[in-house]
Amino acid sequence: MEGARAASEALDAGVRVRFACATERGLDTPLASKCWTACADAGVDRLFVSEDEMLSIADSVTPQGFAVVCEEPRHDLQAVARSRLTIVLDGIRDPGNVGTLIRSAAALAAGGAVVLDGSADPWGTKAVRASAGMMFRLPVASAPWSEVERVIAKAGAVTCVADAAGKPVPLASSWPDRIALVIGSERSGVRAEARSLAGLTVAVPMRTGTESMNAAAAGAVLMWEILRSGRHVTAVPK
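Counting in my numbering, the final residue of the sequence shown is number 238, and the numbers go up one at a time with none missing.
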């Protein structure tokens with residue numbers, strides 16, 4: 001995982017960091033220096049490396065000069081689904097979109113994120129970088145749809161599908177008490193199994209002539225719209 005910000009978020013979240021390396025340039029910022037010291041205090045093995053060595057280690061073209069190896073956090077899927085809003089990422093293969101959606105969910109105080117099979121690895125370097133380390137502030141779980149479907153039902157959450165043909169937000173009535181917002185890729189959308197269970201299908205109103213929105217942008221708008229309302233109803237708008 002690259003970058004002092006992501007490493008700092010991991011340490012603050014209590015994630016176990018196994019190894020840290022940095023270049024001389026990579027420790028120039030106060031955050032990087034503080035994180036380097038925190039790694040030492042936590043008993044993490046540290047190593048200074050050259051710029052060329054960092055290039056061979058890092059995934060990015062222009063690495064920040066700071067990288068760590070840490071354990072992947074594990075979160076209980078049932079606990080994630082019991083929150084006010086859980087986002088479910090379906091077939092989103094761009095790690096940048098995965099990381100950005102998780103970043104938005106953390107910033108907007110969603111309860112957690114579930115990444116379905118067929119999506120990019122949320123703990124891959126590109127996704128973590130796109131999240132700016134915010135994924136360590138949010139419970140993130142990976143699971144197949146069959147398991148997610150069962151857990152959503154057990155939690156009493158309403159499946160809400162994001163689709164361009166859905167009901168434009170804001171809704172005339174308020175949202176259900178507990179929602180699993182399923183967000184698909186711009187090209188393929190949400191899988192048929194999720195659509196068949198949808199108690200609500202919603203869309204972001206767009207200017208005439210606009211075909212679609214980026215999944216990360218649309219997801220952020222929908223999350224904000226759901227969470228801004230303090231009004232709850234038990235009836236599900238169709």
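A virtual CB, placed ideally from N, CA and C, is assigned to each residue, including glycine.
Across the set R207, R178, E225, A165, the C-alpha of R178 shows the shortest separation from the C-alpha of I152. Closest option to L11, judged by alpha-carbon separation, among R25, E24, M213, V44: V44.
DSSP lists no beta-bridge partner residue for I92.
E51 and E72 have their C-alpha atoms roughly 26 Å apart. Under the three-state reduction of DSSP output, W123 falls in the coil class, being neither helix nor strand.
In the DSSP assignment, T37 falls within the unbroken alpha helix (DSSP H) covering 30 to 41. The Cβ-Cβ distance between L89 and L116 falls below 8 Å. E2 carries a strand assignment under DSSP once its states are collapsed to helix, strand and coil. Each residue's CA atom was taken as its position, placing I87 and R228 some 15 Å apart. Only residues of its own chain outside the window of five on either side were considered, and among them V114, A141, A143, E147, V148, V151 have a CB closer than 8 Å to the CB of L77, listed in chain order.
The Cβ-Cβ distance between A6 and R129 falls below 8 Å. Listed in chain order, the non-local C-beta contacts of N97 below 6 Å within the same chain comprise A215, A216, local neighbours out to five positions each way being set aside. Here the C-alpha atom of K126 lies approximately 11 Å from the C-alpha atom of V61. Just so you know, the alpha carbons of W123 and A22 end up roughly 20 Å apart. Residue burial is scored here from C-beta neighbours: S131 has at least 16 other C-beta atoms within 10 angstroms and is therefore classed as buried.
Taken in chain order, the complete alpha helix (DSSP H) segments of 4 or more residues contained in the stretch 161 to 207 are 192 to 197.
Boundaries of the beta strand (DSSP E) harbouring V114: 112 to 116, taken from the DSSP string. Distance from the CA atom of M54 to the CA atom of V182, rounded to whole angstroms, is 38 Å. In this structure, the straight-line span from the alpha carbon of S188 to that of G3 is close to 32 Å. About 18 Å separates the beta carbons of G111 and V161, which is beyond the 8 Å limit, so they are not a contact pair.
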